[in-house]
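Novice: For the protein sequence lines, the chains are A and B, in the order given. Residues in the first sequence are numbered consecutively from 99, following the working numbering. Residues in the second sequence are numbered consecutively from 63, following the working numbering. Sharing a structure here in structure tokens format.
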Amino acid sequence: MCRIARFLLMLITIPRLVSCVEEIPFTTGKGARTVVLSGGINNLDEDQVVFLSRTQEEGQPALPESGAVIYLVESSGQTWLFYENREGRYILPAGSLVPEIGASYHVEFTLADGGLYRSIPEILLPVVQPDSVRWKIGKETTRIEDGKAYSIDALQLFISTGFAVDQPDTYFRWIVHSAFEFTTLPECSPFRTTTTCYFSDLLNPGLFFLYDNRDNPRGVLRNFPIGYESLEPNYRYSETHYFSIYQHRISQKAFEYFSRLNRVAVQNGSIFDPIPASVKGNLYRVDNENEKVLGYFQVSSAAVIRQRIIRADLDGKYNLLDKRNNLCGLLVGVFGSEYFEGCCNCYSIKYPIIDKPAWW
Amino acid sequence: MLVVFAGYQHFLFGQGTAQAGISRNFTGVPIKRVLDSLALENGLKIYHLPSEKIPLDTFSGTFYKLSASEVIRSVLAKSDLQVIAINERIFFLTSALGREGVNMNRYLLTKAKLDRISGSNEWVLGHPDSMPISGPARIQGRILNSRDETPVVGAVVKMEDALTTSDTSGRFMLMVPPGRYTLWVNSDRFSDFNQTLIVYGDDHLELKLFETTVDLPELVVGANAGQKLKEANSGLTQLSVKEIQRLPSLMGEADVLKALTTLPGVSTTGEVGSGYHVRGGNTDQNLILQDGVAYLNTSHVLGLFSSFNPDAIKNVSLYKGHIPAQYGGRISSVLDIKLKDPDMEKWNFHGGLGPVSSKIYLEGPVLKDKTSMLAGMRFSYSDWILKWLRDPNLKNSQADFYDFSLKVSHRFKIGNVLSVSAYSSKDKFNYADEFGYGWKTISIAAQWSLELRPGMNLQTSVYRSANKNDFIETGHDDTEYRVESGMGFTNAKTRLDWQISPSQFFQAGAEWTGYMPEDENYRVSSGRETTANEYYAKSTGREAAVYIQHESRISAKLNVSMGYRHSMYWQPGPATIRLYSPGQPRTEENVVETKNYQKQSSIRTYQGFEPRFSMAYSTGPASSIKLSYNKMNQYIHLVSNTAVATPVDIWQLSNLHIAPQRGNNYSLGFFKNLQNNRWETSVEFYFRNSRNELEYKDFARLLRNEYLETEVFAVKGRSYGAEVFLKKAVGDFKGYLAYTLNRSLRKSEGRYPDEVINQGKYYASNFDKPHSINALFDWQIRKTFSWSANFVFNSGRPLTAPVSEFYLGDGGNFFDYSERNEFRIPVYHRLDMSVTVTRGTIRTKNYKGSWTFSIYNVYNRRNAFSVFYRRNINEPPVAYKLSVLGSILPSITYNFQF
């Protein structure tokens, strides 16, 4: 009887392992030094940024490409020269460009090796202002660790907006930046002084939040998800937190480009995954159109809307760690911990630090 | 040369005796009358061929106490006729001695031998006096079920080297020289029949077979291995239903299609995925028929199980080389599944209990000897498996299916049978709360089989079927997006089968098919409110075909099968068709006109010229060479942009913009049997070139697209390979080992950038797997205990993989992908085993039960279904593989029958 029971137990337990995802060594031995340009221009009075890089061998991240000469060209023939403010990062500083709605723009750049590249011109469309943004706490599935799916508590963002009245099809792309402040504990300073730092980063990198109203030409968009942020214990919600939501009205081609990137970005290996492919943008080499050029130069009309969240908004809805008692901990006995480092020196916090924004 | 004794029988019969010698005088009497008188007066029998005339001359002479042979020889001394005396009573007159292949000495020896051995244990066919002087005797017969006297179709009838099968009315005909034979008849569900025969001449037999008592149906195919060598049916594979049942199976569920994929030249893309690939063809290039009804979806649970109930199946034939002209509409292969003929006398009940599904099957008479029926049903309770999975989404998923088969046969009289069958299948799959798929198949068919005369049958059938699927996606705020589509068929066909002679078979027929896709319906709903309800029209099609097929045995060594099928396809109105700017890619921007066609107007017509040829040449008593050529046309296409086909992929008909697929199939095979057919060996080479196979553009929008021609384009296909096969066909230990070299390539020849793949070079199709090894072993250790094992090895399927990564400043990091299918996932191999035990189970006269213990993936290999890349934040990308069935999977199934 015991043997039978053990056998039945085996039959039941073995299938627990039936489906699995696991890491494997897999190399293609390929890779090419392909030019990549991203970024674009919009109507906002902010720095207009493009990034230039080259891909490397398989498994290596792309490297910034310095020394290029990059022009923005308007359909009227007027040009603006980007300057490189950081390796591979080229900007038109805020105020230097006042783009004209209805005009078309393209980028033209020459690399250090003499290669001349260009983007297909795009028209700057009229701006569509978002109506409102709201947030709630819910569950999101993420696969950021070891390829497996995890369900996490997340702050989810939703937008409501109308569409353009000047043409039937409107294409949106939302880019959300998550910003927060953090003030160091006075106990860290012999003079009990504190420092407040501001941090900002891109929300949900690798995911594009897109919508087109081809199926909804006359309606309005209500509560459309545009991003989420994990509520795992960290510094983000200790004090004031801002989401800056950029609603970009983009061209149909840009919409298709980012949609395609979305499709290849999220591969689960399942039976329903479409076969991925290299995504062609709107860039080409002038003297050799067969050369692959990656990336997209986006010309968009943008509007920004911000959502402020303070700790009190979340208390009771989510069990946030208390800065003094949990997050930073009691000073005694926690020297050397990462939290302590951040609580005393906000420059050690692993997020891109920014100057206090004007809109804060 | 066919000589019948009737030519003699009317001629000379004497009544007297010649033992005392003949004394007689003739003066000027015609020779014929002389012989008549001698026969009549002396009791002689004098035979001659009708074609060999007795001289008209007269005879004069006197005999005194001469023997009959002396007298007759004297009478015919001046003629060309020679006299052969069998004894002093029987004489043959012939001028053919030594000519025209007639060996009278052999004839006489044969006859003497037969006379000597003829006894009570042997059946004597033909009359000893009617034995033909040369040429074979014609043995015709009919095989009936002893229980209800219904015809036994497809029974193997063998007399030494002569072999045939019974036709739809149970009739057969063999031509054999006079002699002593063992007649052997074999058919599934019936016990073998053996009988010694003494064949003198033409005769007729009626044989009644008794149903076998084995647990499971068995179609013995290996038994006619010797005959298979001679048949001009290159690439025909038949699989025993018993073999299917014994094959180690996933979750104990015997599976027709999974069993097929253990054969050389047949493969699947992975453990999931709908359909199978034959000799480098796509899944849509296989015609799948069950009792003449074509099915598009053949799987449950995304391909884990096939949708055909093995209990209801009578036999399975896969045509992967020569495809007879009666089949058309697909360019790669034909799978013809025949359902059982329901039992006319008593009720039978089968059942099976498995871990994921159960089945019931019953058959029996409704009106004894007139009307019978069968019904089978399988249903799943597989949700619990998903609950065991680690992935939380899969854990919250749901997968259910059922299928139901029904067949009712009514026999008006022997050779006149009407059958009506119905089939229904449904699947539902929900992935967490994110999306779900459903698909179902419904069909109803009627078939009328009429024997016009012995050896000539008319088969007429009509069916209607519907294949439907839906895709549901849940958006934000519980908004539900649903896409429903479907494909329906109406088909009518008639076929005449005529067994002209044992060496001549003729077939002719006509077929009409209406392709009736459902318009794609897109609905958006939020709660109870439907916010969008749109329809996307799909083009319809009609196909008509006529065909003839002739199979003949040219000589003892050469068999030839030739056929021709002519198909015609047209796209009827009403329809709204886009016309594109000539010389420009088919895109929305290049639409120059939208044209409306009225109902019944023909928008576009395609003709299909489809010659079929196959021959087999015996190079020795146990070896042959076979070659075949087929030209095929296909008017229905599967459009998919996933690595494997799914049941919810889109079926697109040929239309103004999408031309039919056309394929040329060539095969050449060498076959040799060893040790009296104990071992079968073969090497087959094949090649197929095709055009107008549909390939999708990168990132094609396939759903909700009325104008699919903007997302797909035609490519050329090329498949080639070789199959090496070694089979042990008889004995307690049986099995086979097969190696397949298979390449399946495609080439785009588009003029526009979107229609060029991999710079226009040949590239591997999604199902290109160059090397495959299949092994199957079946060991009947004891009467109550059998063991079987199955090993599969395949090259990894092609993969489009990342070759570099790049950074978009406002978007994150992304991969740049290789050319299409430039790489491969790791190789696939798996070993399965099962044992079937009947000892210890309840086993009475009326009840039989058996346990099957099955282990799938014995050594627990985590075969890759797919390989994909992901990155953890701020870390390099990592390759992962998904193993759908990445574990050992034991199961127990209990089968019963009463």
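Yeah, the Cβ is synthetic: ideal placement off N, Cα and C, and Gly gets one too.
Would you say K351 of chain A faces chain B, with C-beta separation under 8 Å as the test?
Specialist: False, the Cβ-Cβ gap to chain B never drops below 8 Å.
Novice: So, does the CB of V358 of chain A fall closer than 8 Å to a CB anywhere in chain B?
Specialist: The sequence shown places Arg at residue 358 of chain A, not Val. Chain B, which has a Cβ nearer than 8 Å to the Cβ of R358 of chain A, makes this yes.
Novice: Short check: CB of A387 of chain B to CB of R674 of chain B, under 8 Å?
Specialist: The answer is yes: Cβ separation under 8 Å.
Novice: Could you name the residues of chain A that A594 of chain B contacts, counting a contact when the two beta carbons are closer than 7 Å?
Specialist: Correct list: D313.
Novice: Report yes or no: is there a C-beta of chain A within less than 8 Å of the C-beta of L893 of chain B?
Specialist: Answer no: the Cβ-Cβ gap between L893 of chain B and chain A never drops below 8 Å.
Novice: According to DSSP, R398 of chain B sits in a beta bridge with which residue or residues?
Specialist: Arg is not the amino acid found at residue 398 of chain B; the sequence shown has Asp there. Paired residue(s): B:L351, B:S379.
Novice: Which first and last residues belong to the beta strand (DSSP E) in which L429 of chain B is found?
Specialist: Residues 419-429.
Novice: Pop quiz: G779 of chain B and R808 of chain B are said to be a contact at Cβ under 8 Å. What is the actual Cβ separation, rounded to whole angstroms?
Specialist: Contact holds; Cβ gap of about 5 Å.
Novice: Are the C-beta of A375 of chain A and some C-beta of chain B separated by less than 8 Å?
Specialist: Cβ-Cβ to chain B under 8 Å: yes for A375 of chain A.
Novice: Using C-beta distances below 8 Å, list every residue in its chain close to E132 of chain B, excluding the 5 sequence neighbours before and after it, in chain order.
Specialist: Here the set comprises F125.
Novice: Distance, Cα to Cα, S328 of chain A vs I250 of chain A?
Specialist: Rounded to whole angstroms, S328 of chain A to I250 of chain A spans 7 Å at the Cα level.
Novice: Does the segment 701-709 of chain B come into contact with the segment 736-755 of chain B, if we say contact requires no fewer than three beta-carbon pairs (one atom in each stretch) closer than 8 Å?
Specialist: Because the criterion of three Cβ pairs below 8 Å is not met, the segment 701-709 of chain B and the segment 736-755 of chain B do not touch.
Novice: Between which two residues does the beta strand (DSSP E) harbouring Y443 of chain B extend?
Specialist: No beta strand (DSSP E) holds Y443 of chain B; DSSP gives it neither H nor E.
Novice: How many angstroms separate the CA atom of R233 of chain B from the CA atom of Q202 of chain B?
Specialist: Going by the C-alpha atoms only, they are around 7 Å apart.
Novice: Which same chain residues end up closer than 8 Å to T772 of chain B when comparing Cβ atoms and leaving out the 5 residues on each side of it in sequence?
Specialist: Once the five neighbours on either side are set aside, the close Cβ partners of T772 of chain B are R648, T649, E650.
Novice: Considering only C-alpha positions, which residue in the set B:K475, B:Y543, B:Y525 is nearest to G498 of chain B?
Specialist: Comparing Cα positions, the closest option is B:Y543.
Novice: So with CB distances below 8 Å, who are the chain B contacts of I122 of chain A?
Specialist: Per Cβ cutoff of 8 Å: P888, A926, V929, A941, Y942, K943.
Novice: Output, in chain order, the set of chain A residues within a Cβ distance shorter than 9 Å of N703 of chain B.
Specialist: In chain order: P372, I373.
Novice: Please report the Cβ distance between F149 of chain A and G871 of chain B, rounded to the nearest whole angstrom; I am assuming they are in contact, meaning their Cβ atoms lie under 8 Å.
Specialist: F149 of chain A to G871 of chain B, Cβ: 4 Å. Contact.
Novice: Shortest alpha-carbon distance to Q696 of chain B belongs to which of B:L715, B:S686, B:P683?
Specialist: Looking at the Cα atoms, B:L715 is the closest of the given residues.
Novice: Does N875 of chain B come within less than 8 Å of chain A when only Cβ atoms are used?
Specialist: N875 of chain B counts as touching chain A.
Novice: Helix, strand or coil: how does DSSP classify V219 of chain B here?
Specialist: Three-state result, V219 of chain B: strand.
Novice: Which runs of the beta strand (DSSP E) at least 3 residues long sit entirely within the segment 294-344 of chain A? Give them in chain order.
Specialist: Taking only runs of at least 3 residues, the beta strand (DSSP E) segments lying wholly in the segment 294-344 of chain A are 294-300, 307-310, 319-328.
Novice: My guess is that D373 of chain B and Y443 of chain B are in contact by the Cβ rule of under 8 Å, so how many angstroms apart are they, rounded?
Specialist: Not confirmed; about 18 Å, so no contact.
Novice: Name, in chain order, the residues that DSSP records as bridge partners for D265 of chain B.
Specialist: Partner(s): B:I201.
Novice: Under 9 Å between beta-carbons, which chain A residues line up against G779 of chain B? List them in chain order, please.
Specialist: Correct list: empty, because the minimum Cβ distance to chain A is about 17 Å.
Novice: On the DSSP bridge list, what partners appear for I639 of chain B?
Specialist: Answer is B:K657.
Novice: Measuring alpha carbon to alpha carbon, tell me which residue in B:S752, B:K530, B:V247, B:N875 is nearest K693 of chain B.
Specialist: Residue B:S752 is the option with its Cα nearest to K693 of chain B.
Novice: So if I threshold CB-CB distances at 7 Å, which residues from the segment 134-167 of chain A count as touching chain B?
Specialist: Within the segment 134-167 of chain A, the residues whose Cβ lies closer than 7 Å to some Cβ of chain B are V134, S136, G137, V147, F149, S151, T153, Q154, E156, G157, P159, A160, listed in chain order.
Novice: Applying the 10 Å Cβ sphere with the 16-neighbour rule, what's the burial state of V340 of chain B?
Specialist: So V340 of chain B ends up on the buried side.
Novice: Based on Cα-Cα distance, which residue from A:S164, A:H339, A:Y269 lies nearest to E354 of chain A?
Specialist: Taking only the C-alpha atoms, the option nearest E354 of chain A is A:Y269.
Novice: Rounded to whole angstroms, how far is the Cβ of P117 of chain B from the Cβ of S99 of chain B, which I believe are closer than 8 Å?
Specialist: Their Cβ separation, rounded to whole angstroms, is 16 Å, which puts P117 of chain B and S99 of chain B out of contact at 8 Å.
Novice: Can you give me the start and stop residues for the beta strand (DSSP E) that Q144 of chain B sits inside?
Specialist: From DSSP, the beta strand (DSSP E) with Q144 of chain B extends over 144-147.
Novice: Contact check, F356 of chain A vs R404 of chain A under 8 Å by CB: the rounded distance?
Specialist: That pair is no contact at about 23 Å.
Novice: Give the list of continuous alpha helix (DSSP H) stretches no shorter than 4 residues that lie fully inside the segment 837-878 of chain B.
Specialist: Correct list: empty.
Novice: Assuming the contact rule is C-beta atoms closer than 8 Å, G216 of chain B and S253 of chain B should be a hit. Round their C-beta distance to whole Å, please.
Specialist: The Cβ separation is near 16 Å, so there is no contact.
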